[in-house]
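S.K.: Below is the structure I would like to discuss, written out as C-alpha coordinates.
Residue numbers (our numbering): 11 to 98.
Spelled out as C-alpha coordinates, the structure:
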(Lines of atoms letter the chains of each structure in order from A and count residues from 1; the text may use other names and numbers.)
(Lines give C-alpha, C1' and ligand atoms only; values in the text may rest on other atoms or scores of the structure.)
Protein backbone atom coordinates (compact mmCIF):
# COMPACT_ATOMS: atom_id res chain seq x y z
CA UNK A 1 0.00 0.00 0.00
CA UNK A 2 1.52 3.30 -1.07
CA UNK A 3 -1.38 5.64 -0.27
CA UNK A 4 -3.83 5.59 2.62
CA UNK A 5 -6.35 8.13 3.91
CA UNK A 6 -7.63 7.51 7.43
CA UNK A 7 -10.86 9.04 8.68
CA UNK A 8 -10.64 10.43 12.21
CA UNK A 9 -13.20 12.20 14.41
CA UNK A 10 -13.41 15.63 16.02
CA UNK A 11 -13.62 13.92 19.42
CA UNK A 12 -9.84 13.43 19.21
CA UNK A 13 -9.27 17.10 20.05
CA UNK A 14 -8.59 18.11 23.66
CA UNK A 15 -11.65 18.54 25.85
CA UNK A 16 -10.34 21.82 27.26
CA UNK A 17 -9.27 23.83 24.23
CA UNK A 18 -9.64 27.20 22.57
CA UNK A 19 -11.52 27.75 19.33
CA UNK A 20 -11.14 27.70 16.43
CA UNK A 21 -9.27 24.39 16.46
CA UNK A 22 -6.85 22.94 13.92
CA UNK A 23 -4.72 19.84 13.57
CA UNK A 24 -1.72 21.41 15.35
CA UNK A 25 -3.75 21.35 18.59
CA UNK A 26 -4.45 17.61 18.48
CA UNK A 27 -2.13 16.57 21.32
CA UNK A 28 -2.50 19.67 23.53
CA UNK A 29 -4.48 17.80 26.18
CA UNK A 30 -6.64 14.75 26.81
CA UNK A 31 -9.94 14.24 24.98
CA UNK A 32 -13.24 14.15 26.85
CA UNK A 33 -13.56 11.16 29.20
CA UNK A 34 -16.79 9.98 27.55
CA UNK A 35 -14.83 9.13 24.37
CA UNK A 36 -11.38 8.49 25.86
CA UNK A 37 -10.67 5.01 24.46
CA UNK A 38 -12.09 5.74 21.01
CA UNK A 39 -10.39 9.15 20.85
CA UNK A 40 -6.97 7.85 21.86
CA UNK A 41 -7.21 5.01 19.32
CA UNK A 42 -8.01 7.53 16.59
CA UNK A 43 -5.10 9.72 17.72
CA UNK A 44 -2.79 6.71 17.39
CA UNK A 45 -4.02 6.12 13.83
CA UNK A 46 -2.89 9.65 12.99
CA UNK A 47 0.45 9.10 14.75
CA UNK A 48 0.93 5.82 12.86
CA UNK A 49 0.27 7.59 9.55
CA UNK A 50 2.93 10.20 10.32
CA UNK A 51 5.44 7.52 11.38
CA UNK A 52 4.87 5.36 8.28
CA UNK A 53 5.26 8.43 6.07
CA UNK A 54 8.49 9.44 7.80
CA UNK A 55 10.01 5.95 7.91
CA UNK A 56 8.87 4.48 4.58
CA UNK A 57 7.98 7.54 2.48
CA UNK A 58 4.45 6.31 1.83
CA UNK A 59 1.59 8.75 1.43
CA UNK A 60 -0.41 7.98 4.57
CA UNK A 61 -2.55 10.84 5.84
CA UNK A 62 -5.64 11.54 7.93
CA UNK A 63 -8.68 13.71 7.57
CA UNK A 64 -11.04 14.89 10.26
CA UNK A 65 -14.56 15.48 8.90
CA UNK A 66 -16.65 17.76 11.05
CA UNK A 67 -20.32 17.81 11.95
CA UNK A 68 -21.33 14.46 10.50
CA UNK A 69 -24.44 12.73 11.83
CA UNK A 70 -26.61 9.73 11.17
CA UNK A 71 -29.92 8.13 12.09
CA UNK A 72 -28.63 6.62 15.36
CA UNK A 73 -26.78 9.73 16.57
CA UNK A 74 -27.41 11.44 19.91
CA UNK A 75 -30.04 14.10 19.17
CA UNK A 76 -30.30 15.18 22.81
CA UNK A 77 -30.27 18.98 23.09
CA UNK A 78 -28.20 18.87 26.31
CA UNK A 79 -25.38 16.47 25.49
CA UNK A 80 -25.59 15.58 21.79
CA UNK A 81 -23.19 16.67 19.09
CA UNK A 82 -23.82 20.09 17.51
CA UNK A 83 -25.61 19.19 14.28
CA UNK A 84 -27.86 16.44 15.76
CA UNK A 85 -28.63 18.76 18.70
CA UNK A 86 -29.68 21.51 16.31
CA UNK A 87 -31.82 19.08 14.31
CA UNK A 88 -33.58 18.05 17.51
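We treat Cβ as the ideally placed atom computed from N, Cα and C, and that holds for glycine.
Assuming the contact rule is C-beta atoms closer than 8 Å, residue 77 and residue 97 should be a hit. Round their C-beta distance to whole Å, please.
M.R.: Start at 1 with the first residue of the chain shown, and residue 77 comes out as number 67. Start at 1 with the first residue of the chain shown, and residue 97 comes out as number 87. 11 Å between Cβ atoms; not a contact.
S.K.: Can at least three beta-carbon pairs, one atom from the region 78 to 86 and one from the region 21 to 37, be found at a separation below 8 Å?
M.R.: Touching, no, given that fewer than three Cβ pairs across the two stretches are closer than 8 Å.
S.K.: Tell me which same chain residues have a C-beta within less than 8 Å of the C-beta of residue 16, skipping the five on either side of it?
M.R.: Here residue 16 refers to the residue found at position 6 when the chain shown is read from its first residue. Contacts found: 55, 56, 59, 70, 71, 72 and 73.
S.K.: For residue 52, count the other beta carbons within 10 Å of its own beta carbon; 16 or more makes it buried, fewer makes it exposed. Which is it?
M.R.: Locating residue 52 in the chain shown gives position 42, counting from the first residue. Its Cβ being crowded by 16 or more others within 10 Å, residue 52 is buried.
S.K.: Along the chain, where does the alpha helix (DSSP H) containing residue 52 start, and where does it finish?
M.R.: Within the chain shown, residue 52 is the residue found at index 42, counting from 1. Element bounds for residue 52: 46 to 66.
S.K.: Judging by CA-CA distance, which residue of 34, 44, 63 and 29 is the nearest neighbour of residue 13?
M.R.: Taking the chain shown and counting its residues from 1, one reaches residue 13 at position 3. Per the Cα distances, 63.
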